[in-house]
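Asker:
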DNA sequence: CAATCTTTGGCAATCGGTTGTCATTCGTTG
DNA sequence: CAACGAATGACAACCGATTGCCAAAGATTG
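Residue numbers (our numbering), protein chains in the order written: chain A, 1 to 340; chain B, 1001 to 1340.
#1: Please state whether DSSP places residue 53 of chain A in a helix, a strand or coil.
#2: Relative to the alpha-carbon of residue 1187 of chain B, which residue among B/1202, B/1179, B/1301 and B/1154 has its alpha-carbon at the smallest distance?
#3: Is there at least one Cβ from chain A nearer than 9 angstroms to residue 1283 of chain B's Cβ?
#4: State the beta-bridge partners of residue 326 of chain A as determined by DSSP.
#5: Does the beta-carbon distance from residue 1272 of chain B to residue 1176 of chain B come in below 9 angstroms?
#6: From the DSSP output, in three-state form, read off residue 1023 of chain B for me.
#7: In whole angstroms, what is the alpha-carbon distance linking residue 1329 of chain B and residue 1267 of chain B?
#8: Give a yes or no on whether 9 angstroms exceeds the smallest Cβ distance from residue 1148 of chain B to chain A.
#9: Output, in chain order, the set of chain B residues within a Cβ distance shorter than 9 angstroms of residue 252 of chain A.
#10: Closer than 7 angstroms by C-beta to residue 1238 of chain B: which residues in its own chain qualify, once you throw out the five before and the five after it? Chain order, please.
#11: Would you please verify whether the beta carbon of residue 1011 of chain B is less than 9 angstroms from any beta carbon of chain A?
#12: Between the alpha carbons of residue 24 of chain A and residue 18 of chain A, how many angstroms are there, rounded?
#13: Can you grab the Cα-Cα spacing for the pair residue 242 of chain A / residue 194 of chain A, in whole Å?
#14: Just how far apart, CA to CA, sit residue 1158 of chain B and residue 1109 of chain B?
#15: Is DSSP giving residue 1038 of chain B helix, strand or coil here?
#16: Which value, in whole angstroms, describes the spacing of the CA atoms of residue 402 of chain A and residue 154 of chain A?
#17: Taking Cβ-Cβ distances shorter than 7 angstroms, what residues in chain B pair up with residue 64 of chain A?
#18: Extract the residue ranges of the beta strand (DSSP E) inside the region 62-110 of chain A, only unbroken runs of 3 or more that lie entirely within it.
#19: Within 10 Å of its beta-carbon, does residue 1298 of chain B have 16 or more other beta-carbons around it, so buried, or fewer, so exposed?
#20: Residue 1086 of chain B versus chain A: which residues are under 8 angstroms apart at the beta carbon?
#21: Which residues share a DSSP beta bridge with residue 1187 of chain B?
#22: Just grab the DSSP bridge partners of residue 270 of chain A for me.
#23: Excluding the 5 residues flanking residue 337 of chain A on each side, which residues of the same chain have their C-beta closer than 7 angstroms to its C-beta?
#24: Name the two residues that bound the continuous alpha helix (DSSP H) containing residue 206 of chain A.
#25: Just checking: is the beta-carbon of residue 1124 of chain B within a distance shorter than 9 angstroms of some beta-carbon in chain A?
#26: State the beta-bridge partners of residue 129 of chain A as determined by DSSP.
#27: Could you tell me the alpha carbon to alpha carbon distance between residue 1227 of chain B and residue 1253 of chain B, rounded to whole angstroms?
#28: The alpha helix (DSSP H) that contains residue 178 of chain A, what's its start and end?
#29: Can you list the residues of chain B that residue 69 of chain A reaches, using a CB-CB cut of under 8 angstroms?
#30: Counting only the same chain and skipping the five closest in sequence on each side, list residues whose C-beta sits under 8 angstroms from that of residue 34 of chain A.
#31: Look up residue 409 of chain A in the DSSP assignment and say whether it is helix, strand or coil.
#32: So, residue 167 of chain A versus residue 204 of chain A, is the Cβ gap smaller than 9 angstroms?
#33: Assuming residue 1134 of chain B and residue 1082 of chain B form a contact by the criterion Cβ under 8 angstroms, report the distance between their Cβ atoms to the nearest whole angstrom.
#34: So is residue 1094 of chain B in contact with chain A if we call contact Cβ pairs under 9 angstroms?
#35: Leaving out the 5 sequence neighbours to the left and right, which residues in its chain are closer than 7 angstroms to residue 49 of chain A when beta-carbon positions are compared?
#36: Taking 9 angstroms as the threshold (beta carbon to beta carbon), is residue 101 of chain A in contact with chain B?
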């Protein structure tokens, strides 16, 4: 009903400003985007008029004519996974600070959805940040060649990336378990398409040999708490005394299942998670896990992307950033049970 | 380096298709958006060409000329609050299904950021969904008058809304506690700008009188786990034996704090949370809380918004939807301690 | 077979900016 | 005072679609 009282009801355009100041629209455009190209006095008049009319540039039009959309797509496999909360917040904050809009898409763990989305985003975003990509190396590389892109937790030569160094923390976790006397340990694997999972397993297998402990791989399991039940059962059946889980969700699911089965953690079974997500500190028992600066990872990813965007012809932009990780010991790990 | 090999390297436009088929660009546009306006044979040729050229309409251009952006802004006060995960996923799924893009913004619990964002979104989105708005009734109403808008958990006459009926669940919670013998109960209030908090308190105060129990209000507290410590201390100091917390984050924080102080839950203090967020089922002890279909709430909000968009002149669209809520009893509530 | 209606598709304006080109104006210098 | 160069701002094309209007072609009817 009650629309704006004053004069024109629809948003002001540069033409309105131009008319008001008696200059051409192009001058207004320049005054606002390339100030030094316009006389100070004219510019001030224009700025005053813009303020008076409550002028806001139309993003669509800007995007159309300039080719830049001021938007960045952020793709995550599963919005409801707490791991991504901090990541999303990190990207969001950094993007907003730089004047970009974040287009957040949940790819539902599907490489197809991911590919389609990347394809669509190619034109509606200036760049893309892909977390835990499920795409093949080739597809990802091809995408990176076409569009400014930064991957998170995905290491493909030629694709700028932020890597969270979980493999090295995985070794720490193994050390930790070995020092507690565990000799039969399971790695609860994540999706086969997850490179993080693969790399962690590799690190683990190598370290196991050095330490002289036995590590077997179980899975793959979907990275959800619900998978924890199956994982726990498999672990119990395999006779191990400790597990290193692909992520905290699975680990927490395992805790629940073990409790249901009447097994005590850590007395009967030690559990190590990964990511230190929301909940890892207050589950029962609190989860020993590999923690990393996730929000910061998101921010770094944005910085790298913006560097790509701004220095398109600038040559060497840093194309790889490794985030440190460390083991946070809590209550879910303890001495190995006495041998039966 | 290696750009696309085949012919043109930049994305195909309707003009490319038009040229390829020997028709005008406008015909291509019609063939694609108003099929019945174009001869079947021509249309098929155009569709074939579009497929061959891997044509994707440019969203910016579409938005500019049609005035519709195919994007919907979703505003939440705090992305890292798990409560919003499911909400976001709900809106995301429903929006994607309808061909819309979700612009997710974290307003950081700030009414200013929220107002600014709404203002900006007015032109770059077809509609807005605001969760737990911190804006005043007037501002929200004004925004809703200008832009299609749906509020979640915010009841303002004239503003279409999805309301999660926590007040009625709050009464259930009070009944539950009273039946366990609690007579001195605290309501751990959320932000003063949160209408949910206010409405719950009102429901609680009313029900308390009927039941003949004493309910006092503590707070306000920020809806974060960190606030739980202060809340727990305040509760202990006030001498109550049970607390109903504004949300699960605070409740979980309280659990942690009480444990630190050596108090047992529920033996010494019962705690009821709200929202049944991720983590409420596996914290220690598992949290008795008020659960609601949050993802569904997100979906309903989108449906209502789309109804507004499509039936702009359609008159009566349903403008209010109340989501049922129920109490989920877990381990954090128990009989009142014997009086000292 | 002519008259009329309908279908079909082209032309051109438009959305709101950006940007290359060019003419004008002003100030500076010889 | 003439000449030259820099600063300034206008014009117009363009980004990629949509859409109103109109003409040509085809179909229907008397």
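A virtual CB, placed ideally from N, CA and C, is assigned to each residue, including glycine.
Answerer: Walking through what the data contain:
#1: coil
#2: B/1202
#3: yes
#4: A/291
#5: yes
#6: coil
#7: 15 angstroms
#8: no
#9: 1279 and 1282
#10: 1186, 1216 and 1218
#11: yes
#12: 5 angstroms
#13: 22 angstroms
#14: 23 angstroms
#15: coil
#16: The question about residue 402 of chain A has no answer, for chain A in this structure spans 1 to 340.
#17: 1060, 1061 and 1064
#18: 71-76 and 101-106
#19: buried
#20: 80
#21: B/1217 and B/1244
#22: A/242
#23: 241, 267 and 268
#24: 195-211
#25: yes
#26: A/74 and A/150
#27: 7 angstroms
#28: 166-179
#29: 1060
#30: none
#31: Residue 409 of chain A cannot be examined here, being either before or after the span of chain A that is shown, 1 to 340.
#32: yes
#33: Their Cβ separation, rounded to whole angstroms, is 19 angstroms, which puts residue 1134 of chain B and residue 1082 of chain B out of contact at 8 angstroms.
#34: no
#35: 17, 20 and 21
#36: yes
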